């Protein structure tokens, strides 16, 4: 495979993977495709394999463009009162279509003429400037419409924003390869602005995570779902709250006598809602067992060790009450293994992190919450 074919193939794979993770450092290869088309425009004959690959890329861009229509439409719908967003939703797809046409019709000047009339770099800068302002930021507007900041809404609009801006970055890269011999000044400037915006988005996420939702808004959410839903709906709703807290939820049938159920917890971290929807709900919040953005636990070694010490005392107490419980005995063995690994780490801090990761955080927390359930209802 020639280097030229390999470069086009790499870009095809970007489109096939829908630019997953939106890592803009991988986008630069698009400029090479522009430079390849520029060689054809200048009269250089390239092998048939290159032409075939360009046609394949043209098809992949068409498929991706249809998917991008959804992102542009959502931005236009939410921000319809701002004429520039509507303009962007029209211009960017049009430029992308003309760019696509140059792969099969390299000598056409329509793409060049359109870029001169409406430079993608200009639109990208203006779009970023609008997003940087709270009043014209679609993510901020969508989040403001919610009583509780939700992870799904934040992620949806984060994805929409970065994909729309990413479209302009793709165009700017291709233009530089096609017309400017891969002089990367424009793309590099835009890349820097995009990276700054990505940092801003992470700061917005932290701001939303720190919004106070406990206990009033959390209780309102419980009561809203408790009247019409079930444990799964309640768990999904709490999982969607944009916060670093995690929640343990128990839903059980309504008891006629309060003596039929008992539990112990920190009152400031517990919400109890009974006699609604024919059931009782207990929600316990943990501010220590934090989770990462992708939903998996991210306890560091010291947090794990602190929890294990607390857990060991509770397991010993439970074993005195239920000495033959296979479930508790199983948990006991698991946490003894965890202790051994951490004790090894304390004796030898240079121990491989692979050893530490033998305590997978998500598995650790599942066992932890299972133990909390046994403690609460023992």
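In UniProt numbering, the protein residues as written are 1 to 378. For glycine and all other residues, C-beta sits at the position ideal for the given N, C-alpha and C. The model shown is predicted, which means the values in this text are computed figures rather than measured ones.
Can you tell me the Cα-Cα spacing of residue 209 and residue 168, whole angstroms? 30 Å
Contact with chain B by residue 116, beta-carbon distance below 9 Å: As a matter of chain content, chain B is missing from the structure shown, which is built from one protein chain.
Helix or strand or just coil, what does DSSP make of residue 152? helix
Using the Cα positions of residue 235 and residue 145, report the straight-line distance between them to the nearest angstrom. 22 Å
For the beta strand (DSSP E) holding residue 102, just list the boundary residues, first then last. Note, residue 102: premise wrong, no beta strand (DSSP E); alpha helix (DSSP H) at 83-104.
Can you name the residues that DSSP bridges to residue 253? 279
List in chain order: all unbroken alpha helix (DSSP H) runs of 4+ residues lying wholly within the segment 165-223. 185-209
C-alpha distance - residue 231 paired with residue 212, whole-angstrom precision: 23 Å
Would the segment 27-39 count as touching the segment 59-77 if we require 3 or more Cβ pairs under 8 Å? no
Can you find a heavy atom of the ligand ADP that lies under 8 Å from the Cβ of residue 237? The ligand ADP is absent from the structure shown, which contains no ligands of any kind.
Can you have a look at residue 226 and say buried or exposed, based on whether 16 or more other CB atoms are within 10 angstroms of its CB? buried
Just how far apart, CA to CA, sit residue 128 and residue 164? 10 Å
In the DSSP assignment, the alpha helix (DSSP H) including residue 139 goes from what residue to what residue? 138-144
Just how far apart, CA to CA, sit residue 126 and residue 283? 45 Å
I need the straight-line Cα distance from residue 55 to residue 61, nearest angstrom please. 10 Å
What's the call for residue 196, buried or exposed, on a 16-neighbour Cβ count within 10 Å? exposed
Express the C-alpha separation of residue 51 and residue 162 in angstroms, rounding to a whole number. 31 Å
Residue 287 in three-state terms, based on DSSP: coil
Could you check if residue 207 is buried or exposed, using at least 16 other CB atoms within 10 Å of its CB as the buried criterion? exposed
So does the segment 147-158 actually touch the segment 168-177, counting three or more Cβ pairs closer than 8 Å? no
Assign residue 102 to one of two classes, buried (16 or more other C-beta atoms within 10 Å of its C-beta) or exposed (fewer than that). buried
Check whether the segment 130-141 and the segment 77-86 are in contact - that is, three or more C-beta pairs closer than 8 Å. yes
Residue from 320, 228, 285 with nearest C-alpha to residue 275: 228
DSSP three-state label for residue 270, please. strand
Residue 104 to residue 46 span [Cα, whole Å]: 13 Å
Nearest residue (CA-CA) to residue 43, options 184, 3, 220, 106: 106
What residue does the alpha helix (DSSP H) around residue 234 start on, and which one ends it? 231-239
Take residue 294 and list the residues in its own chain whose beta-carbon comes closer than 8 Å to its own, dropping the five residues that flank it on each side. Low local confidence applies: a pLDDT of 43 at residue 294 is under 50, so the model's placement there is unreliable, with the coordinate-based value given in what follows. Within the same chain, residue 294 has no close Cβ partners at all.
Provide the residue(s) that pair with residue 246 in DSSP beta bridges, ordered along the chain. 286
Looking at C-alpha atoms only, which residue of 166, 242, 270 is the closest neighbour of residue 380? Absent from the model: residue 380. The displayed extent of the chain is 1 to 378, so no value can be given.
Terminal residues of the continuous alpha helix (DSSP H) containing residue 54? 48-78
Counting only the same chain and skipping the five closest in sequence on each side, list residues whose C-beta sits under 6 Å from that of residue 31. 173, 176, 177, 182
Are the beta-carbon atoms of residue 218 and residue 241 separated by less than 9 Å? yes
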